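Position 223, counted from 1, in the sequence shown is what the numbering used here calls 241; the numbers after and before it change by one each time, with no gaps.
Quick notes on the structure that follows.
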Amino acid sequence: MGWGTVVYEGAVVGSSLVGLGWAGLWFLNRRLYKEYEERRVLVQILFGLVFAFSCNLFQLVLFEILPVLSKHARFLNWHLDLFCLILLLVFVLPYYHCYLLLRNSGVRRERAWLIAALFLLIFLYGFWRMGIHFPMPSPEKGFFTMPQLVSRIGVIGVSVMAVLSGFGAVNLPYSYLSLFIREIDETDIKTLERQLMQSMETCIAKKKKIILSQMEMERIQGSEEKLKARSFLKRIVGTVVRSVQEDQTEQDIKNLEAEVQALEELSKQLFLEIYELRQAKIAAAYSRTWRGHLQNLLGYALSVYCVYKMLKSLQSVVFKESGSVDPVTMTITIFLRHFDIGIDVALLSQYISLIFIGMLVVISVRGFLANVMKFFFAVSRVGSGSTTNVILFLSEIMGMYFISSILLIRKSLANEYRVIITDVLGGDIQFDFYHRWFDAIFVASAFLSLLLISAQYTTRQTDKHPID
């Protein structure tokens, strides 16, 4: 191997990682948090690194199918990528996340470092103990080896991936099909907007009363100097009267503050409901366009695949059967059986299956993360601290998700493509276990999602009408 080849392959690997890192930063600042900009540079760098190394895993899978680099370069790239990604997921992110939580809570820097280090030790112990309950590689070579760490990350990542896919398999028909899109009357939105304005005006009026009451308390407290010049009896009477007035004013202020807090919460709920109604109205109008009809047809096609995937996963869990031929391969085989056009069925079905499954994964991740973001910003204060914690949490989940995706996608690749992946990840890893574990979690997630979405649909049934 000449120096020219080494420079070329190094440039390809380096430029691809830099490009993916910049793409991660763009996604963070322009798409995911365009309204809540993250100001901590180190948090952005960590998110960009996890995003780059995670996406590079899929790029390396493509490099295996399309031999862009030499075998030795791909092998080194696999090792470098997994080493850096595992270092970030298992050591750096848990430590730094705990450190920032402590610093945001007012803990001093030195004490935060120490407590975060102790937390990391506890996390590593729990991470190691988790492997006792699952089939793991032989521990003869130690805990800090690639197969041991990847296997434990895979359990968490496959669980997250199965939950996402199960939620997406149920949420996709609910979100895409026009059957579940509701018609929104403009008068309903106007009514809620009037209620919101009334609530805000009442809240402002009560805040003015709070300010006036506080000014009254300051006036009462300022009258103490005048009382000192009076007689002893008058001072006693004045002190009693002033104490009663202060107690009454303080109670009034507390009552007004409680009412203001309730009105602000009501205003927030009204605003979110108005936003949801506006989005539903836009979706109803979009469903009548030609793009909406095309999306509806795509929704029916993906719904059939989701139902098929749920039934096959249930069959795999109940009867403990291995996965059979997927519907894409079956359809292509039947088509080429009648129309022989000289195409390799296995190769074509492999690419189409990966694209089709990738569409389902992307849609499920998008829908699930949107609901995760709603949950986080509903239960926490919107600020630099909360957004920082959400970014670090999503970085951890993203890295584990992509590693588990490689464990599952490996089975869909041809034997000549999966050899290097098996060697890098470790031949002792129980790959079949992750498929069975995925099916079990997928079925449970789909069933629970079906119950939750059915309950949501039932509660809003009076406000929904099918789109003709």
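The beta carbon of each residue, even a glycine, is placed where N, CA and C say it ideally should be.
Source: prediction; values computed, not measured.
- Straight-line spacing of the CA atoms in Ser123 and Val68 works out to 26 Å.
- The beta carbon of Phe93 sits closer than 8 Å to the beta carbons of Ile438, Asp441 and Val442 from its chain, once the five residues preceding and following it are set aside; these are given in chain order.
- The stretch 402 to 482 contains, as complete alpha helix (DSSP H) runs of 4+ residues, the segments 402 to 427, 433 to 443 and 449 to 477 (chain order).
- The beta carbons of Gly417 and Leu103 sit closer together than 8 Å.
- Between Glu291 and Leu210, the CB-CB gap stays under 8 Å.
- In this structure, Val188 and Ser422 do not form a Cβ contact; the two beta carbons are roughly 21 Å apart against a cut-off of 8 Å.
- In this chain, Thr163 is not harboured by any alpha helix (DSSP H), its DSSP state being neither H nor E.
- Of the candidates Ile459, Leu315 and Glu277, Ile459 places its Cα closest to the Cα of Val336.
- Where Glu201 is concerned, there is no enclosing alpha helix (DSSP H), because DSSP gives it neither an H nor an E.
- Take the alpha-carbon of Trp44 and the one of Gln62: they are about 10 Å apart.
- Under the three-pair Cβ rule at 8 Å, the stretch 447 to 462 does not count as touching the stretch 99 to 118.
- C-alpha of Met235 to C-alpha of Gln269: approximately 12 Å in a straight line.
- Per DSSP, reduced to three states, the secondary structure at Pro85 is coil, with no helix or strand assignment.
- Per the Cβ contact rule, the stretch 211 to 225 is not in contact with the stretch 318 to 337 (fewer than 3 Cβ pairs under 8 Å).
- With a beta-carbon spacing of about 7 Å, Val108 and Phe145 fall inside the 8 Å limit used to define contacts.
- Secondary structure note for His115: its alpha helix (DSSP H) is the uninterrupted segment Leu111 to Asn122.
- The beta carbon of Pro165 sits closer than 6 Å to the beta carbons of Pro155, Gly444, Asp446 and Ile447 from its chain, once the five residues preceding and following it are set aside; these are given in chain order.
- Nearest Cα to Met179 within the set Arg436, Ile228, Ile427 and Tyr192: Ile427.
- Rounded to the nearest whole angstrom, the CA to CA distance from Ser183 to Val408 is 21 Å.
- Shown here, Arg306 sits in coil according to DSSP, grouped into three states, outside any helix or strand.
- Using a Cβ distance threshold of 8 Å, Ala135 and Leu120 do not count as a contacting pair.
- In the three-state scheme derived from DSSP, where H, G and I count as helix and E and B as strand, Phe152 is classed as coil.
- In the three-state reduction of the DSSP assignment, Val125 falls in the coil class.
- Membership of Val30 in the alpha helix (DSSP H) is indicated by the continuous run Trp21 to Trp44.
- Distance between Phe152 and Ala298, taken at the CA atoms: about 44 Å.
- Taking C-beta separations shorter than 7 Å and ignoring five residues to either side along the sequence, the partners of Leu332 in its chain run Val461, following chain order.
- Taking Thr23 as reference, the option from Val36, His115 and Val86 with the minimal CA-CA separation is Val86.
- With a threshold of 16 other beta carbon atoms within 10 Å, Glu128 falls short and is exposed.
- The beta carbon of Leu138 lies closer than 8 Å to those of Phe109, Pro112, Tyr113 and Cys116 in the same chain, with the five residues before and after it left out.
- A distance below 6 Å between beta-carbons, with the five flanking residues on each side excluded, links Gly39 to the following residues of its chain, in chain order: Gly66 and Ala70.
- About 32 Å separates the Cβ atoms of Ser88 and Glu158, ruling out a contact at the 8 Å cut-off.
- DSSP places Arg212 in the helix class (H, G or I) of the three-state scheme.
- Comparing alpha carbon positions, the residue from Phe161, Lys286, Ser231 and Met148 closest to Thr267 is Ser231.
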